[in-house]
Amino acid sequence: MTDTGGYSSRRATMAGMAPFKRPARQDIVSDLVANVAQVQVAIGDKVEAGQELVLLESMKMEIPVVPEWEGTVTDVRVVPGDVVQEGDILVVLE
């Protein structure tokens with residue numbers, strides 16, 4: 001038996017946890033009220049999980065916005081200078 005550091009997909013399944021799959025569509029949203037400082041992607045760009053898509057600025061702090069999953073940008077809903085509210089969609093990935 002191979003040592004997996006205590007993780008077992010069999011145990012996870014037996015515990016009633018289904019493997020998590022990448023969603024077909026991923027709405028990238030703002031977690032706070034902020035100004036859009038930079039937009040670093042365009043429609044058609046392929047992006048990786050953790051890649052910076054948008055840079056927000058709030059209270060003199062810069063907040064990078066990154067996706068959890070890879071995908072292709074299908075919509076960019078903000079431009080630099082926009083003010084976004086908590087929950088606003090910034091970028092859509094598929």
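To convert, note that position 94 of the sequence shown is 94 in UniProt numbering; the numbers rise steadily by one, no gaps. All C-beta atoms in this analysis are idealised placements derived from N, C-alpha and C, irrespective of residue type, glycine included.
Counting C-beta neighbours from all protein chains within 10 Å, is the total for residue i 16 or more, i.e. buried, or is it exposed?
{"i": "L93", "result": "buried"}
{"i": "G50", "result": "exposed"}
{"i": "P80", "result": "exposed"}
{"i": "G71", "result": "buried"}
Give the range of the beta strand (DSSP E) segment to which residue i is assigned.
{"i": "M59", "result": "No beta strand (DSSP E) contains M59, which DSSP labels as neither H nor E."}
{"i": "I28", "result": "Q26 to V29"}
{"i": "L93", "result": "I89 to L93"}
{"i": "G50", "result": "It is not in any beta strand (DSSP E) - G50 carries neither H nor E in the DSSP assignment."}
I'd like to confirm the pairing. Which residues does DSSP put opposite residue i in its beta bridges?
{"i": "T72", "result": "K46"}
Taking only three categories from DSSP, how would you classify residue i?
{"i": "Q40", "result": "coil"}
{"i": "V78", "result": "coil"}
{"i": "V33", "result": "coil"}
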